[in-house]
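Down below is the structure, laid out as structure tokens.
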Amino acid sequence: KQGHAIAAALAKLGADVRLVSGPVNIADPAGVKTTHVETAAEMKEAVESLLPADAAVFVAAVADWRTANAAGEKIKKVAGKGPPSLKMVENPDILAGVGHHAQRPGLVVGFAAETQDLIGNAEAKLRKKGADLIVANDVSHGSGIGPSGVMGGDRNKVRIVSRTGVEEWPEMGKDEVATRLAASIAERLKTTVV
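See below:
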């Protein structure tokens with residue numbers, strides 16, 4: 146929801162927006178060219194195909210790990226056997242890949258969904274991944290996942306982490322977060338382009 150809202154808000158400001166979206170149950174934003182993907186590898190390829198760009202905003206909560214060999218069909222229980230062993234491999238780090246890319250956008254914004262040490266982890270992510278801003282979300286128990294939480298809900302409370310400090314925003318609707326973030330992105334791009 147938050148990524149689609151940001152894409153829509155940027156489009157309303159007149160930006161030429163390209164959205165790479167994983168599987169979601171919401172309509173594509175009006176006026177936004179959208180590419181649909183299902184895996185982290187597909188998302189990485191789609192994002193990199195859009196470079197160069199003035200700005201890139203990474204909202205998707207891509208899993209850090211995936212199974213090494215995805216089954217093409219249901220894995221059935223077998224009497225007398227325990228559960229199958231699953232070998233895990235690391236997914237590509239799309240934000241870091243773009244943050245350190247030769248065609249890095251002028252502004253790179255990432256999101257951090259954290260369950261502990263929200264600001265410390267967001268600051269570390271900012272440095273490690275080559276981002277200019279990290280929008281930090283607390284997704285710990287009670288505030289995180291589900292219809293009333295950050296992930297799946299309609300409201301958000303974020304902290305904007307940059308190299309110069311942390312700006313705490315009050316809880317608000319995701320559309321309002323998107324509008325404020327889009328305005329901030331537009332302002333930052335104005336100062337870097339001039």
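Residue 322 in the working numbering sits at position 177 of the sequence shown, with consecutive numbering throughout.
Using N, Cα and C, we set each Cβ at its ideal position, and we do this for glycine too.
Query, Result
"Coil, strand or helix - residue 247 by DSSP", "coil"
"For residue 192 and residue 165, believed in contact at Cβ under 8 angstroms, the rounded distance", "5 angstroms"
"Pairwise C-alpha distance: residue 200 and residue 251", "6 angstroms"
"Whole beta strand (DSSP E) elements within the region 165–213, 3-residue minimum", "178–181, 200–203 and 210–212"
"Proximal residues to residue 213 (C-beta, below 6 angstroms), its chain only, five neighbours per side dropped", "232 and 234"
"Reference residue 309, options 161, 272 and 324, closest by Cα", "272"
"Closest residue to residue 334 among 155, 146, 178 and 149 (Cα-Cα distance)", "155"
"From 285, 299 and 195, residue whose alpha carbon lies closest to that of residue 139", "Because the chain here runs from 146 to 339, residue 139 falls outside it and cannot be looked at."
"Best match in 180, 264, 274 and 266 for proximity to residue 239 [C-alpha to C-alpha]", "274"
"Beta-carbon gap between residue 323 and residue 150 smaller than 8 angstroms", "yes"
"Pairwise C-alpha distance: residue 160 and residue 245", "24 angstroms"
"Residue from 216, 222, 197 and 188 with nearest C-alpha to residue 206", "188"
"Rounded distance between the beta-carbons of residue 304 and residue 313, thought under 8 angstroms", "5 angstroms"
"The beta strand (DSSP E) enclosing residue 259, as first and last residue numbers", "252–259"
"Test item: CB-CB of residue 209 and residue 236 under 8 angstroms", "yes"
"Status (buried if at least 16 other CB within 10 Å, exposed otherwise) for residue 248", "exposed"
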